[in-house]
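Asks: Just dropping this structure here.
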Amino acid sequence: MNTLFRLTLPLFASVATLAAPSLASAADVRVTFTNVSPAGGVGTSPLWVGFHNTSFDLFDAGSAASLGVERISEDGNTAPLTTLFAATTESGIQGTLAGGPAFPGAVRSMDFTGLDLAGNNRWFSYASMVVLSNDFFIGNDNAMEHDLSMLLNNGGLLSFYVGGNGDVWDAGTEVNDFANSLANGAFGIGGGQTMANQGADEHGVVRHVDANPYASFLSAALVPEGYDFAPLQFTSQAAIGRIDIQLLAPVPEPDTYAMLLGGLALIGAISRRSMKRRAA
Ligand SMILES: [Ca+2]
Ligand SMILES: [Ca+2]
Ligand SMILES: [Ca+2]
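Quick note on my numbering: the sequence shown kicks off at 425 and runs consecutively.
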């Protein structure tokens, strides 16, 4: 091995070692939601997502929903949930996927930067209203269900299906009634919601939606005769949506660039010195 290689190899190794912690500590991810319901199936309000250190728990089955869950479940309004998340997490990161409600086949995506996947932003929570409904929603009860630290070891992609086979919740905050359910018009049903937080309070607890989700709805007279509910039977479908969380190529931080440039300058100087010595 010549002098140049003996000097530069350890140098490359040390630059890589110094750069590694900086790259791992701030990751960027892309969250993509795809509505995989069949044509004519349910839609979803803009998906809220949060990255936390388990200090945030969206809801507990069998207990009353928070105001944040109530508003997102009844109106698709993520503002109260956003306030709640900010107040209960330290260094939590959150956002609502842009692009409006997602009906079957729609794809919504959003990038998040500077996540600490091994600490403050290791755990992923999500919530979205299911339409057609009064207060149905999808979301994770278990705050530690989705571990993003796995992104660092499994090729940088975490995918899972949501809302399948009864994994849909009734917030228990509004009586199910076609007279006051959001987006009836999109499904050819009469009635519908004309303002936020409309409809009778349910004073209930969060519970699974079972069997035919629409069998117990009041004001059934608003549904046209012979209406085909089959595409809306999400309780017997494999899923409502798929969430893909993809690790984006880490962007070196300024201090990493500085180290890298410093290292390269040093290599250049050594190389020039070594060539001069050989020429002499
Ligand atoms: Ca919970
Ligand atoms: Ca309510
Ligand atoms: Ca309800």
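A virtual CB, placed ideally from N, CA and C, is assigned to each residue, including glycine.
(1) Examine ligand 2 and report whether any of its heavy atoms sits within less than 7 Å of the Cβ of Asp-621.
(2) Pick helix, strand or coil for Met-619, following the three-state DSSP scheme.
(3) Run through DSSP, which three-state label would Phe-527 get?
(4) Buried or exposed: which applies to Thr-502, given that a residue is buried once 16 or more other Cβ atoms fall within 10 Å of its Cβ?
(5) Considering Cα atoms alone, identify which of Leu-581, Asn-566, Glu-598 and Ala-451 is closest to Glu-498.
(6) Within the continuous beta strand (DSSP E) that includes Gly-519, where are the two ends?
(7) Which of the three DSSP states, helix, strand or coil, is assigned to Asn-604?
(8) Buried or exposed for His-570, going by 16 or more other Cβ atoms inside 10 Å?
(9) What would DSSP say about Ile-496, mapped onto helix, strand or coil?
(10) Could you check if Asn-600 belongs to the surroundings of ligand 3, using beta carbon to heavy atom distance under 7 Å?
(11) What's the C-alpha gap between Val-675 and Ala-542?
(12) Alpha carbon to alpha carbon, what distance is there between Met-568 and Asn-545?
(13) Would you kindly work out how many angstroms separate the C-alpha atoms of Ser-710 and Ala-635, rounded to a whole number?
(14) Within 7 Å: the Cβ of Thr-365 and any heavy atom of ligand 2?
(15) Can you have a look at Arg-430 and say buried or exposed, based on whether 16 or more other CB atoms are within 10 angstroms of its CB?
(16) Classify Glu-514: buried if its beta carbon has 16 or more other beta carbons within 10 angstroms, exposed otherwise.
Replies: Straight from the coordinates:
(1) In the sequence as presented, Asp is not what sits at residue 621; that position holds Asn. True, at least one ligand heavy atom lies under 7 Å from that Cβ.
(2) coil
(3) coil
(4) buried
(5) When the alpha-carbon of Glu-498 is set against those of Leu-581, Asn-566, Glu-598 and Ala-451, the nearest one is in Glu-598.
(6) 517 to 520
(7) helix
(8) Per the 10 Å Cβ criterion, buried.
(9) helix
(10) yes
(11) Confidence is the limiting factor: at Val-675 the pLDDT is only 49, short of 50, which leaves the residue's position unreliable and the question unanswerable from this model.
(12) 11 Å
(13) Nothing in the structure corresponds to residue 710, since the chain is present only between 425 and 704.
(14) An answer regarding residue 365 cannot be provided, because it is not within the stretch 425 to 704 covered by the chain.
(15) Summary for Arg-430: the model assigns pLDDT 49, below 50, so the residue's position carries little reliability; its value from the coordinates is reported in the next sentence. Per the 10 Å Cβ criterion, exposed.
(16) exposed
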